[in-house]
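J.: According to our numbering, the sequence shown holds residues 1 to 405 in order.
In this text, a Cβ means the ideal position worked out from N, Cα and C, and glycines have one as well.
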Amino acid sequence: MTSKPLSKISDVPEYKNILVFISDSLRYDALPDSIKSMGVTAKTIAAAPWTASSIPSLMTGQYPSTHNVWMFEDQLPERPPLLSQPADWTGGLDSEKHWLNFESSEKPPVKMLRLEGEQRLDNLEPPFVHVIHDLGPHAPYGFENNEYNTHKFFQEYADPEDLRQRYHADTKKSAQYFREILDQLESNDLLSETLCVFTSDHGELLGEGGRLGGKWGHSAPLCPELLEVPMTFIGEGLPEERELKGVISGVDLAPTCLSAVGRSVGKVDGIDLWTETPADDRFVRADVWQRYNAIDREWPVYVGSSLWDDSGGWVKHRGSNLLRIAYYGYDIFFGDYAPPARQTAGLRDIISGIAFWGSQWSSFGTPQTSKSVAEHELSDKLEKSQNSSEMSEEQTEHLEALGYL
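Have a look at this one:
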């Protein structure tokens, strides 16, 4: 394990290009060894437990409470610097294996990041930043996302152990796709001058019991299984099979990548891991604001904020206790993931789940940060996005089929 900044353990002073590979829903403890052995890995706290807020945080270096992108119809006020600066910088996103039923310009991450469309690896000319959003081990497991309906899948495949095996098989499939991308870079003589980052936007619940209540999937609650993700830095001059020490956040990705190619970092919530190391007393943040529209009303079914250090974290549940409990109960008994959840959630788990989802404050691990500090840091009011776009009926239906809505 190293506590030095990446630039101090690399033989390369600077890179020309950046490749970021986002394996959707891949939790830290499911990172394939084949990826971990390739570079410098950091256990990372995702800025949010679902894609709608996490990808904007990865690209901007800002917490959701700063950029205010919460749902798939929300947008950043402007294109992130990582994908736009300077003028000769080619930056874009490729979701070739994700969001397959959307037109390129209409894919949610493309719109959220204010991109005009997707970019393909074959068309790149250095210097560039290329972001690949892979389906990864996103539920339902074992299928391409144009072939499934989430609700139907979990009605037919309800065996918990089988589902976990499918999930881990998908992590290996995503890792193989990443290695194919590296091979393509090498064949195009681009690999030696490119910093490659393998990471995820959030983790996944696989029926964990106790206060998590046997829940499956992601988006809620704020907990280690959904927030702890990998971030592996791979590049010419970087060592292999090393771990980065300290509290790392998803918001560190953008400033680190910008610094590694000699670009200005700008105003961010994260730190530049290329030239800096996390302070021993550092804590990082994660937020979520998930809402549903029903009966001509908007229901904030799960809103929360959290603070994490090297030993654990504090979770502040916001909004209505009853709405959160109802959301949890619906998921366990009637939602898309209900069939496997009913097998993994015993009576004690359900009681613990109700108590957790109905509480205002919870802790995980043994956080060194005091509750009073967490109360102060999380005392702000979350704000809605001022930049949103309308989704078509077809887009909404597809998001529902993916299990997002």
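(1) Return helix, strand or coil for residue 40, following the three-state DSSP convention.
(2) Looking only at its own chain, which residues have a Cβ that is under 6 Å from the Cβ of residue 236, when we skip the five neighbours before and after it?
(3) Looking at C-alpha atoms only, which residue of 361, 394, 366 is the closest neighbour of residue 378?
(4) So residue 307 and residue 313 are supposed to be a Cβ contact under 8 Å. How far apart are they, rounded?
(5) Quick one: which unbroken beta strand (DSSP E) runs of 3-plus residues sit fully inside the region 293-324? Chain order, please.
(6) Count the other C-beta atoms from every protein chain shown that fall within 10 angstroms of the C-beta of residue 120, then say buried if there are 16 or more, exposed otherwise.
(7) Who does residue 230 pair with in a DSSP beta bridge?
(8) Looking at C-beta atoms only, is the number of pairs between the region 54-70 and the region 280-296 that lie closer than 8 Å three or more?
(9) Is residue 330 buried or exposed, if buried means 16 or more other CB atoms sit within 10 Å of its CB?
(10) Please classify residue 83 as buried or exposed, where buried requires at least 16 other C-beta atoms within 10 Å of its C-beta.
(11) Bridge partners for residue 208 per DSSP, in chain order?
(12) For residue 169, count neighbouring C-beta atoms within 10 Å of its own C-beta (all shown protein chains included) and say buried if the count is 16 or more, exposed if not.
(13) Who are the Cβ neighbours of residue 248 in its own chain at under 8 Å, not counting the five residues just before and after it?
(14) When we look at the beta-carbon of residue 355 and count the other beta-carbons within 10 Å, is it buried (16 or more) or exposed?
(15) Drop a sphere of 10 angstroms on the beta-carbon of residue 59, count the other beta-carbons inside from all chains shown, and report buried for 16 or more, exposed for fewer.
(16) Label residue 347 either buried or exposed according to how many other C-beta atoms from any shown protein chain fall within 10 Å of its C-beta, with 16 as the threshold for buried.
(17) In this structure, does DSSP put residue 286 in helix, strand or coil?
(18) Residue 86: buried (16+ other C-beta within 10 angstroms of its C-beta) or exposed?
(19) Report the partner residues of residue 199 according to the DSSP bridge assignment.
(20) Does DSSP classify residue 154 as helix, strand or coil?
(21) If you follow the beta strand (DSSP E) that residue 132 is in, where does it begin and where does it stop?
(22) Look up residue 14 in the DSSP assignment and give the residues it is bridged to.
(23) Express the C-alpha separation of residue 113 and residue 215 in angstroms, rounding to a whole number.
(24) Got a sec? Which residues, its chain only, sit under 6 Å from residue 241 by beta carbon, not counting five neighbours each side?
(25) For residue 160, I'd like the list of residues in its chain whose CB is within less than 7 Å of its CB, leaving aside the five on either flank, ordered along the chain.
(26) In the DSSP assignment, the beta strand (DSSP E) including residue 93 goes from what residue to what residue?
T.: Let me spell this out:
(1) strand
(2) 12, 192
(3) Nearest C-alpha to residue 378: 361.
(4) 6 Å
(5) 297-308, 312-318
(6) By the neighbour-count criterion, in which 16 or more other beta carbons inside 10 Å mark a residue as buried, residue 120 falls on the exposed side.
(7) 43
(8) yes
(9) exposed
(10) buried
(11) Note: residue 208 is bridge-paired with 215 in the DSSP secondary-structure output.
(12) exposed
(13) 42, 43, 44, 45, 231, 273, 278, 284
(14) exposed
(15) buried
(16) exposed
(17) strand
(18) Exposed is the call here.
(19) 22, 231
(20) Helix, per DSSP.
(21) 128-134
(22) Residue pairing from DSSP leaves residue 14 without any beta-bridge partner.
(23) 30 Å
(24) 37
(25) 207, 340, 343, 344
(26) Per DSSP, the continuous beta strand (DSSP E) segment holding residue 93 begins and ends at 90-94.
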